[in-house]
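Here is the structure we will look at.
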Amino acid sequence: MVNYQIAIDGPAGSGKSTVAKQIAKKLGFLYVDTGAMYRAVTLKTIREKIPFQNQCPIINLAKNTEIDLTIDEKIGQRVYLDGEDVTLAIRMPDVTNAVSFVSRITGVRVALVKHQQALAANNNVVMEGRDIGSVVLPNAFLKIYLTASIEERARRRFEENKTKGINTDMETLKAEIAERDLIDSTRKESPLIKVADAVEMETDSLTACQVADKIIDIFNERVENGKQD
Ligand code: DC
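Listed below in C-alpha cells is the structure:
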C-alpha cells in the first residue's frame, strides 16, 4: 500500500499545528507533531539536569526515550514521555526557550527522524515541523511551507498560551520567536528552509480553517490528477 504523506514546515507560530491537526482530522490521517518530540527530549534533559552543551548524554537520552503520540478528540494530540502524559509540560516556557539548543544536536535529530519516518511508513500522515519536506519525508506527496509576520505569530502564540493558562507578554514573545527563528534557520543540521517543491502560503490574513481548506483542495487536486507515485 502506498501511503500519502503531507509535509508541513514553517517557523514558530506560522499556524502549522492548528492547520495540520484540522487537515489530519478531515482526511482521517495520522497527525504527527515533530516539534512535540524535540520538546519531550528537552523536558527530559531539563529534568535530568544535563547541561545543554553536554551532547553525548543528551543523544543517549534521546535514543533511550519512549515518545508516544496519541490522538485526542479535544486537543488533537497527547504526548507521552516514557509513559507519562507531558502534553502540557512540554509547552511551558522553560522547555520552549531551551528546545532550540537540544534540537540542533545531530544525534538527537537522527534518533527522532528515524522514529518519524517509521510512523510515516505505516500510515497516511500529516507531519509538521521544520525539516519534514527537506529531510524526514523528501518524497512527500504534498509539501507545504507556511509563513506569517512575526507580529502575527507572536499574537497567535499569545492567544494559544492564554487558553492554556500561561501568561506571557507580547514583546517577550516576539523576542523569543525571533531568537528561535534565527537558531532554527541558521543551524548546521537540517535548518528550517523552504524546499523548491513546497507550496508556500502566507497566512497573516487567513484563518487556520481557510488555510487547511486550501491545502486539502491542493491535495485533492493532486490525487485527482493521479500524481501519486
Ligand atoms: O513547532 P514547535 O515550536 O513545537 O517546535 C519546537 C522546536 O523544535 C523548534 O524550536 C524547532 C525544533 N524543531 C525542529 O528542529 N525540527 C522539527 N522537525 C520540529 C521542531
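Quick note, the sequence shown lines up with residues 292 to 520 if you use the numbering used here. Backbone N, C-alpha and C define an ideal beta-carbon position, used for all residues, glycine too. Note that the structure is a prediction, hence the values are computed from the model and not measured.
Can you tell me the Cα-Cα spacing of residue i and residue j, whole angstroms?
i	j	result
Thr356	Glu442	36 Å
Met383	Glu512	39 Å
Glu493	Pro302	12 Å
Ser476	Lys453	27 Å
Ala327	Asn516	34 Å
Val310	Thr459	23 Å
Just to confirm my understanding: we take residue i, look at its own chain, exclude 5 residues before and 5 after, and list those with CB closer than 6 Å. What are they?
i	result
Ala402	Ala353 and Lys354
Thr325	Gln407 and Gly420
Ends of the beta strand (DSSP E) at residue i?
i	result
Ile366	Segment: none, Ile366 is in no beta strand (DSSP E) and carries neither H nor E.
Thr438	Leu433 to Thr438
Val416	Val416 to Gly420
So that I know if they touch, is there some Cβ in chain B lying closer than 7 Å to that of residue i?
i	result
Ala303	Annotation note: the requested chain B is absent from the structure, which comprises a single protein chain.
Residue range of the alpha helix (DSSP H) that residue i falls in?
i	result
Met492	Segment Val490 to Glu493 is the beta strand (DSSP E) holding Met492; no alpha helix (DSSP H) there.
Met328	Thr325 to Arg338
Met383	From DSSP, Met383 is part of no alpha helix (DSSP H); its letter is neither H nor E.
Ala303	Where Ala303 is concerned, there is no enclosing alpha helix (DSSP H), given that its DSSP letter is neither H nor E.
Asn430	Neither: Asn430 is in no alpha helix (DSSP H) and is coded neither H nor E.
Ser481	Where Ser481 is concerned, there is no enclosing alpha helix (DSSP H), given that its DSSP letter is neither H nor E.
For a quick check, are the C-beta atoms of residue i and residue j less than 7 Å apart?
i	j	result
Arg447	Val390	no
Thr438	Ser305	yes
Ala431	Gln296	yes
Arg395	Arg478	yes
Ile506	Ile435	yes
Ala489	Gly398	no
By a C-beta neighbour count over all protein chains shown, 10 Å radius and 16 as the cutoff for buried, is residue i buried or exposed?
i	result
Thr336	buried
Between which residues of its own chain and residue i is the CB-CB distance below 8 Å, once the five residues before and five after are set aside?
i	result
Asp495	Ala439, Ser440 and Glu443
Near residue i, which residues of its chain fall below 7 Å by C-beta distance, leaving aside the five closest residues on each side in sequence?
i	result
Ala499	Gly306, Thr309, Val310 and Gln313
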